[in-house]
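J.: Here the sequence shown is numbered in numbering that gives the first Met the number 0, starting from 0 and rising by one per residue. Positions of the beta carbon are idealized from the N, C-alpha and C atoms, including for glycine. Everything numeric in this text was worked out from a predicted model, so none of it was measured.
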Amino acid sequence: MIRIGILGCGYFGAEFARAVREMQGIQLTAIYSPGKSSERLSNELGCRRASSVEEIMENAEIDAIIIATPNHLHYQHVLAAAEAGKHIFCEKPFALDPGEAAEMVEACRKAKVVLMVGHIMHFYYGIAKVKTMIQEGFFGDILTMHIERTGWEQKKADVSWKKMQEKSGGHLFHHIHEIDIMQWIMGMPTEMYGAGGNLGHGSAEFGDEDDVLLLTASFGGNAFATLQYGSGFRLGNHFIRINGTKAGALIDFKHANVHVVSDAGETEFPLFEDEKSAAAICELFARTDGGISYGSPKERPPEYIRVSLRQELELFLHVIDGGEIPENKKDLFDGSSAVHSVMIAKMGYSAVQRHKSQLL
């Protein structure tokens with residue numbers, strides 16, 4: 000029986016708690032989050048509610064901790080969990096600073112605890128299939144990638160911490176999944192150039208993050224990627240386009256499919272293996288700008304997130320129990336996916352800041 004503690008009872012943390020309660024061979028020992036979210040979750044699941052972070056860390060009946068706290072707290076919570084000898088699953092973004100991310104990985108290595116980062120798109124069937132096809136040479140050499148995760152943010156009753164640059168890191172960190180997929184496929188860029196700003200959401204009803212981010216990444220001059228992020232796009236979209244010397248692919252989140260073109264013709268396959276997940280993401284985009292949406296502790300994630308989240312949890316538990324890590328998931332455990340994604344997000348943010356300073 001693996002005993003789990005959860006830090007952060009918001010949108011993702013609460014769903015992890017529900018998943019733990021439903022699975023065999025695992026026990027939800029305690030949860031903690033300040034405010035009403037942990038009280039609400041405790042009442043829903045009938046689970047123990049800790050009074051502090053320290054109580055979770057010091058609990059000898061907890062083997063592993065799921066960290067789903069606000070982004071800027073991941074650093075201190077991962078270090079504390081490693082020092083306490085707890086296995087760690089940390090939600091994205093792993094950290095808001097590359098140096099801190101490297102320190103977190105090293106702390107877990109020294110403590111000899113399992114560390115897994117929550118880069119959930121590695122579990123999307125269509126993305127994993129594209130990665131395999133690239134490794135097998137179907138696409139030839141990758142020349143370019145274009146990422147777009149854009150939309151228009153409407154006013155909400157309250158300003159979430161997710162919209163505050165210092166706490167969330169802004170779009171490049173909070174929506175780091177596509178950056179992670181870029182490094183998973185293309186490796187680390189050598190240079191990044193950028194422009195952007197808070198162009199359409201500068202009033203007090205919104206946070207202080209940039210709402211338009213336009214980036215170009217160079218991979219040693221042999222390949223390039225362009226990225227468009229932000230909540231300042233009235234005509235938003237969410238996709239990843241990959242072009243190689245032999246084939247190209249469009250990973251289309253709005254329509255839950257992957258379209259591949261090569262000299263042999265065109266083909267399509269689903270982004271998700273199950274139809275409920277596909278229907279859920281299509282429904283999300285039908286009613287909102289799903290690429291920039293963010294959840295509330297009072298909501299449950301859509302089906303496609305629930306399914307992939309459970310797959311993440313199953314693999315985490317499998318590895319804690321001594322199971323072998325699949326080859327295509329090793330970067331989620333050795334720290335490379337976590338650190339490299341944070342490094343790229345920081346490079347992009349710094350490129351935009353440099354451009355801003357040149358305009359002054």
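Apart from the five residues just before and just after Thr-215, which ones in its own chain have a Cβ nearer than 6 Å to its Cβ?
T.: For the purposes of this step, residue 215 is taken as the residue at position 216 of the sequence shown. Spatial neighbours of Thr-215 in its own chain (CB-CB distance under 6 Å, excluding positions within 5 residues in sequence) are listed in chain order as Tyr-192 and Thr-225.
J.: Would you list the residues sitting across from Leu-6 in a DSSP beta bridge?
T.: Within the sequence shown, the letter at position 7 stands for residue 6. Bridge partners of Leu-6: Tyr-31 and Ile-66.
J.: Nearest-angstrom Cα distance between Gln-26 and Glu-313?
T.: Numbered from 1 along the sequence shown, position 27 holds the residue referred to as residue 26. Numbered from 1 along the sequence shown, position 314 holds the residue referred to as residue 313. The straight-line gap from Cα to Cα measures roughly 13 Å.
J.: What residues match up with Met-191 in a beta bridge as DSSP calls it?
T.: Residue 191 sits at position 192 when you count from the first residue of the sequence shown. Note: Met-191 sits in a beta bridge opposite Ala-216.
J.: Tell me which residues share the same chain as Thr-189 and place their Cβ nearer than 7 Å to its Cβ, disregarding the 5 neighbours each side in the sequence.
T.: Translated into positions along the sequence shown, residue 189 becomes position 190. Setting aside the 5 residues that flank it on each side, Thr-189 is surrounded in the same chain by Ser-217, Phe-218 and Gly-219, each with a C-beta closer than 7 Å to its C-beta; the list follows chain order.
J.: Among the candidates Ile-65, Ile-184, Ala-80 and Gln-352, whose CA atom is the shortest distance from the CA of Glu-57?
T.: On the sequence shown, position 58 is the one that residue 57 refers to. Cα-wise, what sits closest to Glu-57 is Ala-80.
J.: Between the Cα of Asp-207 and the Cα atoms of Glu-152, Phe-93, Ile-184 and Pro-97, which residue gives the shortest distance?
T.: Mapped onto the sequence shown, residue 207 falls at position 208. Of the listed residues, the one whose Cα sits closest to Asp-207 is Glu-152.
J.: With distances taken from CA atoms, which of Gln-23, Thr-28, Ser-50 and Gly-24 is nearest Ser-36?
T.: Along the sequence shown, one-based indexing puts residue 36 at 37. Closest by alpha carbon: Ser-50.
J.: With DSSP as the reference, label Tyr-293 as helix, strand or coil.
T.: Numbered from 1 along the sequence shown, position 294 holds the residue referred to as residue 293. Coil at Tyr-293, not helix or strand.
J.: Distance check for Ser-336 and Asp-179, CA to CA, integer angstroms please.
T.: Stepping through the sequence shown from its first residue, residue 179 is reached at position 180. Stepping through the sequence shown from its first residue, residue 336 is reached at position 337. Using only the alpha carbons, I get a separation of about 7 Å.
J.: Taking contact to mean 3 or more Cβ pairs, one atom from each stretch, closer than 8 Å, check whether the stretch 5-12 and the stretch 294-305 are in contact.
T.: yes
J.: Quick one: what's got a C-beta closer than 7 Å to Phe-122's C-beta in the same chain, skipping five residues either side?
T.: For this step, residue 122 is matched to residue 123 along the sequence shown. Excluding residues within five positions, the ones whose Cβ falls inside 7 Å are Ser-307, Gln-310 and Glu-311.
J.: What is the DSSP secondary structure of Asp-251, reduced to helix, strand or coil?
T.: Translated into the one-based positions of the sequence shown, residue 251 becomes position 252. Note: Asp-251 maps to strand in three-state DSSP.
J.: When the Cβ atoms of the stretch 140-156 are set against those of the stretch 55-74, are three or more pairs found closer than 8 Å?
T.: no
J.: Suppose the cutoff is 8 Å on Cβ atoms and the five residues either side in sequence are ignored; what does the same chain contact list for Gly-294 look like?
T.: Here the question's residue 294 lines up with position 295 in the sequence shown. Excluding residues within five positions, the ones whose Cβ falls inside 8 Å are Gly-9, Tyr-10, Phe-11 and Pro-300.
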